[in-house]
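Undergrad:
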Amino acid sequence: MIEISKIRTWGYLLLALTVLVNGVFAQESATVRGTVVETVSNLNLEGATVRLAELDLRTTTDRSGRFVFRGLPAGEYTISAQFPGQPPATLRVRLGAGEETSVRLALGGDDVIDLGEFVVTSGPTATERAMARQRAQQNIADIVSADALGNFPDKTLADAVRRLAGITIERGPGQGEARYVTVRGLNSDFNSVSLDGVPVTVSNFDGASRSVPLDVISTRTADSIEVTKTLRPSDNADSIGGLITIRSRSAFDRDGRFLSAQAGGYYNRLIDRYGSGFYLSAWGYDGSFGYSDFLNEDRTVGLSLSVTTRAVPFASQSVDTRGFTTVINSRNHPMGEAYEGLLVPTGVVLQEFFDKVDNLGVNTVLDFRPSDDAEYQLVLNWSNRESRRGRQRQEIRFDRDFRFWNRSAAIEVEGDTITEFTSDNRVMRQIRDFYEDQNHYTARLQSKHTFGDLQLNLLAGFQRGEFDGDPNRDIAVLFRSGFGDNTYRLDGSDLYFPRVGTEVNRLDPAQFGVNQIDLGTRFITDDEWIVGTDLKWEMDGGRTFSAVWGASIVFARGIM
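Residue numbers (the numbering used here): 891 to 1450.
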């Protein structure tokens, strides 16, 4: 079934006034375009502040470090650029009537160094780049840039964005990595995730959930991650909690060729303790490769390529209770009502979790900019996550209603809690093993066209999220013993690990019988197509006022 799931519209404002202003200045006005570049790292600086001193006009640079002032009278002007952590750059330019002039502002200092006295400088840091972009935003947003992602040990988007203010993570039992994030305390179902403007719906085992598992897409394929906490009219209405935007790298983000490579290894000491016969290897690896460059001398065609791969083993152990409840029916005990209402554990759970995660991702961005007024971009992304998860669980249960307690055994109380007792109940064992194969595909084609103060944006995209289990290997088996006395004792020597004893040998498989076997899995495919357009008008002379009108349609289809 295909249905229209989202329709966004914006009203346009003061169009007649804007057209009138265009007509007044179009005859003799001049235009100056430019690019702000950081010379140390060859970064085109996004969010840099550019000022035209004589007219006191200000603007900020776009993603490729570009800016433009239109509708200027002929004459001489002083143009300056500022960016956090960098020395400002200034130049003089003469504009003739009806002319268009291009300039380049380079930040970062001279190439000549006097060894007698010199200052050591570096390129803009991740924090400075993020601050510049956040300052240029029209709403409240937090941003993590690519160089910060490279310095963090995080390998998934969920682990990366949790470092931002107001973001918390959700992790399933025994999972070594975060899968979901919450924004301002709202459940992950209320978040919207997009990759370069295309909605992301990577399925999980639940199928019907709107939560997007963010451990499928690698951080190495992203140029930046932006979390928007307040919606604009142009944002999807399903972003009640927040909008998480993943932006791919582009060759036009830098002033030249860029190459990066990273490799690492993992060793899990806990897994190594299980011995050579254990199915999960204690060793893992991680690697990524990134490349971007212009493909022609005119620097109108750019290519960016990112490849990531990794195989990581996880293991964890836990000891916890099934919870505490109050004693009931204590009148059946010779000591009468003394224990009525006291807290007692209903069981102790020993668990071991194992998780083997394999990721592979490829991201390609092809840009074509034949002129300053026309841009075309094609983005292709594929991300895969394969996981084998296992759990061994042993649960020692206690009778909570006092009727089957061993009345000849010791009973001790500390405060409102019974800390030592013996009761009759079973020992349960569970073995679970299941597989996940998740794939995410994205294709997006976008174009931007500028006609004076009018900008037209067109977008067409497709995304597919797949979840596949393994019906031949996904299994959960529950075993249980016969009834017998189980003892519990908690003393002050170790509050985290109570002493537990069982009448049956809980390590002997012969003491247990099969109680339940569950076989089954799910296969889920989510497809979305998006088509959108918007028009934008800006005031002449670099004024910040703009009027926007646009619409987009998203078609969604899910198969389970």
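For every residue, glycine included, the Cβ atom is placed at its ideal position computed from N, Cα and C.
Is the segment 1107–1116 close to the segment 1241–1253, with three or more CB pairs under 8 Å?
TA: Yes, the segment 1107–1116 touches the segment 1241–1253.
Undergrad: Cβ of residue 1311 versus every heavy atom of the ligand FMN: is any distance shorter than 7 Å?
TA: Ligands displayed in this structure: none; no statement on the ligand FMN is therefore possible.
Undergrad: Sort out for me which residues DSSP pairs residue 1246 with in a bridge.
TA: Indexing the sequence shown from 1 puts residue 1246 at position 356. According to DSSP, which records beta bridges pairwise, residue 1246 is partnered with 1203 and 1278.
Undergrad: Run the CB neighbour count on residue 1111, radius 10 Å, all protein chains shown included, and call it buried at 16 or more, exposed below.
TA: On the sequence shown, residue 1111 is found 221 positions in, with the first residue counted as 1. That one is buried.
Undergrad: Quick check on the DSSP output: the beta strand (DSSP E) that includes residue 1057 runs from which residue to which?
TA: Indexing the sequence shown from 1 puts residue 1057 at position 167. According to the DSSP assignment, residue 1057 belongs to the beta strand (DSSP E) that extends over 1057–1060.
Undergrad: What residue from 1138, 1081, 1090 and 1196 has the CA that sits closest to residue 1119's CA?
TA: Here residue 1119 refers to the residue found at position 229 when the sequence shown is read from its first residue. When each option's Cα is compared against that of residue 1119, the closest is 1081.
Undergrad: Can you check whether the CB of residue 951 is closer than 8 Å to the CB of residue 957?
TA: Position 67 of the sequence shown holds residue 957. Position 61 of the sequence shown holds residue 951. It is a contact, given that the beta carbons lie within the stated cut-off.
Undergrad: With the cut-off set at 8 Å, would you say residue 1174 and residue 1202 are in Cβ contact?
TA: Translated into the one-based positions of the sequence shown, residue 1174 becomes position 284. Translated into the one-based positions of the sequence shown, residue 1202 becomes position 312. Cβ atoms of residue 1174 and residue 1202: closer than 8 Å.
Undergrad: Let me know the secondary structure DSSP gives residue 979 once reduced to three states.
TA: Counting from one through the sequence shown, the residue named residue 979 turns up at place 89. Reduced to three states, the DSSP call for residue 979 is strand.
Undergrad: Are three or more beta carbon pairs between the segment 1345–1364 and the segment 1325–1332 nearer than 8 Å?
TA: yes
Undergrad: Taking the alpha carbon of residue 1294 as the point to measure from, which residue in 1213, 1410 and 1315 has its own alpha carbon closest?
TA: To locate residue 1294, count along the sequence shown from 1; it is residue 404. Among 1213, 1410 and 1315, the Cα nearest to that of residue 1294 is on 1315.
Undergrad: Give me the DSSP bridge partner(s) of residue 1321.
TA: As a position in the sequence shown, residue 1321 is number 431, starting the count at 1. DSSP output for residue 1321 lists 1282 and 1367 as bridge partner(s).
Undergrad: With contact counted as at least three CB pairs below 8 Å, one residue from each stretch, are the segment 961–974 and the segment 933–946 in contact?
TA: yes
Undergrad: Based on DSSP bridge pairs, tell me the residues matched to residue 1463.
TA: This structure cannot speak to residue 1463, because the chain is shown only from 891 to 1450.
Undergrad: Since residue 922 and residue 962 should fall inside the 8 Å C-beta cutoff, what is the C-beta to C-beta distance between them, to a whole number of angstroms?
TA: The residue labelled residue 922 in the question sits at position 32 within the sequence shown. The residue labelled residue 962 in the question sits at position 72 within the sequence shown. So it is a contact: roughly 7 Å between Cβ atoms.
Undergrad: In terms of alpha-carbon separation, which member of 1258, 1284 and 1149 lies closest to residue 1208?
TA: The residue given as residue 1208 occupies position 318 in the sequence shown. Per the Cα distances, 1284.
Undergrad: So is residue 1004 buried or exposed if we call it buried at 16+ other beta carbons inside 10 Å?
TA: Residue 1004 sits at position 114 when you count from the first residue of the sequence shown. Because residue 1004 sits at a pLDDT of 49, beneath the cut-off of 50, its placement in the model cannot be relied upon, and the point is left open.
Undergrad: May I ask you to report which of helix, strand or coil DSSP gives residue 1443?
TA: Taking the sequence shown and counting its residues from 1, one reaches residue 1443 at position 553. Here residue 1443 sits in strand by DSSP.
Undergrad: Under 8 Å: do the segment 1297–1314 and the segment 1254–1261 share three or more Cβ pairs, one atom per stretch?
TA: no
Undergrad: Suppose you measure from the CA of residue 1140 to the CA of residue 954; what does that come to, to the nearest Å?
TA: By one-based count along the sequence shown, residue 1140 stands at place 250. By one-based count along the sequence shown, residue 954 stands at place 64. Roughly 9 Å between the two C-alpha positions.
Undergrad: Determine the burial state of residue 917: buried for a count of at least 16 other Cβ atoms within 10 Å of its Cβ, exposed for fewer.
TA: Here residue 917 is taken as the residue at index 27 of the sequence shown, counted from 1. Because the pLDDT at residue 917 is just 49, under 50, the model does not fix this residue reliably, and the point stays unresolved.
Undergrad: If I'm right that residue 1366 touches residue 1322 with Cβ under 8 Å, what's the distance once you round it to whole angstroms?
TA: To locate residue 1366, count along the sequence shown from 1; it is residue 476. To locate residue 1322, count along the sequence shown from 1; it is residue 432. Yes, residue 1366 and residue 1322 are in contact; Cβ-Cβ is about 4 Å, under 8 Å.
Undergrad: Just the Cα atoms here: how many angstroms apart are residue 1346 and residue 1157?
TA: Against the sequence shown, residue 1346 aligns to sequence position 456. Against the sequence shown, residue 1157 aligns to sequence position 267. Looking at the two C-alpha atoms, the distance is approximately 52 Å.
Undergrad: Are the beta-carbon atoms of residue 1219 and residue 1288 separated by less than 8 Å?
TA: Numbered from 1 along the sequence shown, position 329 holds the residue referred to as residue 1219. Numbered from 1 along the sequence shown, position 398 holds the residue referred to as residue 1288. Result no, Cβ atoms of residue 1219 and residue 1288 do not sit closer than 8 Å.
Undergrad: Residue 1369 to residue 1181, Cα distance in whole Å?
TA: Stepping through the sequence shown from its first residue, residue 1369 is reached at position 479. Stepping through the sequence shown from its first residue, residue 1181 is reached at position 291. Answer to the nearest angstrom: the Cα atoms are 53 Å apart.
Undergrad: Using the rule of at least 16 other Cβ atoms within 10 Å of the residue's Cβ for burial, across every protein chain shown, is residue 1152 buried or exposed?
TA: Residue numbering aside, residue 1152 sits at position 262 when the sequence shown is read from its first letter. Burial call: exposed.
Undergrad: Please confirm whether residue 1507 and residue 948 have their CB atoms less than 8 Å apart.
TA: Because the chain is modelled from 891 through 1450, residue 1507 falls outside the range shown and cannot be assessed.
Undergrad: Which residue from 1130, 1409, 1200 and 1188 puts its Cα closest to that of residue 1155?
TA: The residue labelled residue 1155 in the question sits at position 265 within the sequence shown. Among 1130, 1409, 1200 and 1188, the Cα nearest to that of residue 1155 belongs to 1200.
Undergrad: Spatial neighbours of residue 1335 within its chain, please: CB distance less than 6 Å, with the 5 preceding and 5 following residues excluded, ordered by chain position.
TA: To locate residue 1335, count along the sequence shown from 1; it is residue 445. Closer than 6 Å at the Cβ level, and outside the excluded window around residue 1335, lie 1268 and 1350.
Undergrad: What residues in its chain sit with their C-beta under 7 Å from that of residue 1073, if we drop five residues either side in the sequence?
TA: Sequence index remark: in the sequence shown, residue 1073 carries index 183 (1-based). Closer than 7 Å at Cβ, skipping near neighbours: 1056, 1057, 1081, 1117, 1119, 1131 and 1132.
Undergrad: DSSP beta-bridge partners for residue 1112?
TA: In the sequence shown, counting from the first residue as 1, residue 1112 sits at position 222. Looking at the DSSP assignment, residue 1112 forms a beta bridge with 1138.
Undergrad: With DSSP run on the structure shown, which of helix, strand or coil describes residue 919?
TA: The sequence position of residue 919 within the sequence shown is 29, counting from 1. If DSSP states are grouped into helix, strand and coil, residue 919 belongs with coil.
Undergrad: Could you check the C-alpha separation between residue 919 and residue 1149 for me, to the nearest Å?
TA: Here residue 919 corresponds to residue number 29 of the sequence shown, with the count starting at 1. Here residue 1149 corresponds to residue number 259 of the sequence shown, with the count starting at 1. Spanning the two alpha carbons is a distance of roughly 42 Å.
Undergrad: Please report how far the alpha carbon of residue 911 lies from the alpha carbon of residue 1341, in whole angstroms.
TA: Within the sequence shown, residue 911 is the residue found at index 21, counting from 1. Within the sequence shown, residue 1341 is the residue found at index 451, counting from 1. Low local confidence applies: a pLDDT of 42 at residue 911 is under 50, so the model's placement there is unreliable, and no value is given.
Undergrad: Using the Cα positions of residue 1047 and residue 1189, report the straight-line distance between them to the nearest angstrom.
TA: Against the sequence shown, residue 1047 aligns to sequence position 157. Against the sequence shown, residue 1189 aligns to sequence position 299. Taking the straight line joining both Cα atoms gives about 32 Å.
Undergrad: In the DSSP output, which residue or residues are listed as bridge partners for residue 1408?
TA: Residue mapping note: residue 1408 aligns to position 518 of the sequence shown, counting from 1. Its beta-bridge partners are 1366.
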